[in-house]
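Number 442 marks the last residue of the sequence shown (our numbering); no jumps.
Every residue, glycine too, gets a C-beta built ideally from N, C-alpha and C.
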Amino acid sequence: MGLRVHLVGICGSGMSALAMWYSSRGFTVSGCDRSPGDNMRELERASVTVLKGHDVSHAADCDLLVYSAAVPSDHPEVVAAREAGVRVLRRSEALAELANGTRLLAVAGAHGKTTTTAMTGWILQEAGLDPTVMLGGYVTPWDGNFRNGSTISVVEADEYDRTFLRLRPVSAAVTNFALDHLECYGSPEALSMAFGIFLEMTRPGGTVIVPRKSRDLGHWAERIGRHLVTTGPGGDFECSSLGPSGWGVEYTVSGVSGRLPVPGEHNLRNAETAIALAGTMGVNTEVSVEALSSFPGVARRLENIGSSGGSLLLSDYAHHPDEIRAALKAVKNTLPGNLGVVFQPHLYSRTAAQAEEMGLALLAADWSAVLPIYPAREEPLPGVTGSLVSDACRRAGGDSEYFDRDDLRELLFRRSADVVVFMGAGSIDGMARRLAGESR
């Protein structure tokens, strides 16, 4: 029997993947959470024991306790573990211990890092390199958000709470830079510096991959003494669109043509970063393009979840204005007809800072309905509600309403659309899937 590891807050996407990584390495793994998550089946299949609720007794029978960023350091289980002499790690510390012992490819960025991580892992898998992959989204052929493989690992590197600064990759990629998580960093300058430090943590002789046109990232990448590869227009790897192709896009990169089976210019940006990363492991562009032709996508990234009342229903994780614009543009350019969006803002702090930009981003749809804010880890802020977003959209000439009732069927009955995107990082996905299920 291996060492016993207990994870507090195990049902979060990052924690569940970490639990499966521990289990794959021979540890005896348990975890607890306030309520079961959607990933219970994957955890049970990985021989991870999941306990409902929290209890200090959980800390008594483990050699290592890991707690998530959503769990405070004075949580009773964490305190009990320390008092009992049990080794205690934050999730970021535990991830670094596992990942830094591998040939690590780390993917950071404001947007697209989950899909780019999945694409990179998919390419390496198809190239026969058997990667270990850890990401924040569900990939159907992997039956979860973790793929157990070799000592080559591909890890989604999250900037929230400075988690990514503990990683020591052999290749580090940043998909893009945008202002987010300022509640953690305090200023744009501090956020930019954190990404610079992330790139600087690349091992000597390693490679850093950044968009050519990003001033913030380019400033840091050019000064740290690592091999620099650029992506995007004018970069070393640029995926140029040849036009939509069904639910996907034809493109060319470095003289090689292919088809990406997921839509949108934003996914071409993700693909070129994945191709560049795979190249650092010796995979040539032709092999990467062929591998991506069978890429299955990631759950909640413009995922088709069914229909209701004649409307095609899609679920998408977008919660930042840039992500909203990119996803809606992809749908508009790929599917005909009227487009509606039901948007659930994520976090009071983010909504307070970005409500105006969120409202402007929703103009890409023919109509939008904005739900109450999903609070996640935050307490309400006075005067900050989802109506700030819908008001901003209307001021700019959009057709938007604030919808604070539970019955989404009533909304879709009143609002007609050929396609409706349910968008946000909170509970909206479950709401949308229940609606789709009721229509079957």
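Review point. By DSSP, does residue 283 sit in helix, in strand, or in coil?
Key: coil
Exercise for review: Report the partner residues of residue 32 according to the DSSP bridge assignment.
Suggested key: 8, 51
Review point. Looking only at DSSP bridge pairs, what is residue 376 linked to?
Key: The partner list for residue 376 (beta bridge, DSSP) reads 348.
Point to revise | Sequence-distant residues of the same chain with beta carbon closer than 7 Å to residue 216, five excluded per side | key: 178, 179
Review point. Which partner residues does residue 253 have in the DSSP bridge list?
Key: 243, 260
Review point. Can you give the Cα-Cα distance for residue 160 and residue 110, rounded to whole angstroms?
Key: Using only the alpha carbons, I get a separation of about 6 Å.
Review point. Residue 195: which of 225, 207, 171, 209 sits nearest, CA to CA?
Key: 225
Check your understanding: For the beta strand (DSSP E) that residue 306 lies in, which residues bound it at each end?
Key -> 305-310
Exercise for review: Helix, strand or coil for residue 269, going by three-state DSSP, please let me know.
Suggested key: helix
Practice item. Express the C-alpha separation of residue 120 and residue 133 in angstroms, rounding to a whole number. Key: C-alpha separation (whole angstroms): 11 Å.
Point to revise | Closest by C-alpha distance to residue 155, when choosing among 191, 308, 122, 360 | key: 122
Practice item. With DSSP as the reference, please indicate the residues paired to residue 425 in a beta bridge. Key: 318, 345
Review point. Looking only at C-alpha atoms, which of 353, 200, 142 sits nearest to residue 158?
Key: 200
Review point. Is residue 90 closer than 8 Å to residue 83 when the C-beta atoms are compared?
Key: In this structure, residue 90 lies closer than 8 Å to residue 83 by Cβ.
Exercise for review: Kindly indicate the opening and closing residues of the beta strand (DSSP E) around residue 404.
Suggested key: 402-404
Point to revise | The beta strand (DSSP E) enclosing residue 194, as first and last residue numbers | key: Not the beta strand (DSSP E): residue 194 falls in the alpha helix (DSSP H), residues 190-202.
Point to revise | Proximity below 8 Å, CB of residue 444 to CB of residue 65 | key: There is no way to answer for residue 444, as the model of the chain reaches only from 3 to 442.
Exercise for review: Kindly indicate which residue of 375, 365, 423, 190 has the alpha-carbon position closest to the one of residue 399.
Suggested key: 365
Review point. Just the Cα atoms here: how many angstroms apart are residue 420 and residue 314?
Key: 6 Å
Practice item. Please say whether residue 414 and residue 311 have beta carbons closer to each other than 8 Å? Key: Yes; because the gap between Cβ atoms is below 8 Å, this pair is in contact.
Exercise for review: With distances taken Cα to Cα, identify the nearest neighbour of residue 228 among 172, 265, 245.
Suggested key: 172
Review point. So, using beta-carbon positions, are residue 318 and residue 303 closer together than 8 Å?
Key: yes
Review point. Taking C-alpha atoms, which residue in 46, 140, 113 lies nearest to residue 298?
Key: 140
Exercise for review: Sort 101, 67, 432, 100 by Cα distance to residue 1 and report the nearest one.
Suggested key: Nothing can be reported for residue 1, as the shown portion of the chain is limited to 3 through 442.
Review point. In or out: residue 142 buried (at least 16 other Cβ within 10 Å) or exposed?
Key: exposed
Point to revise | Among 15, 102, 20, 25, the one whose alpha carbon lies nearest that of residue 40 | key: 15
Review point. Could you give the distance in angstroms between the alpha-carbon of residue 373 and the alpha-carbon of residue 346?
Key: 5 Å
Point to revise | Cut-off 7 Å between Cβ atoms - residues of its own chain near residue 55, not counting five sequence neighbours on either side | key: Cβ within range, chain order: 34, 36.
Check your understanding: Which term fits residue 57, buried or exposed, when burial requires 16 or more other beta carbons within 10 angstroms of its beta carbon?
Key -> Classification for residue 57: exposed.
Point to revise | Candidates 308, 259, 282, 329, of which the one nearest residue 265 by Cα | key: 329
Review point. Roughly how many angstroms separate the alpha carbons of residue 27 and residue 152, rounded to a whole number?
Key: 11 Å
Point to revise | Touching by the beta-carbon criterion (3+ pairs, under 8 Å), the segment 334-350 and the segment 271-290 | key: no
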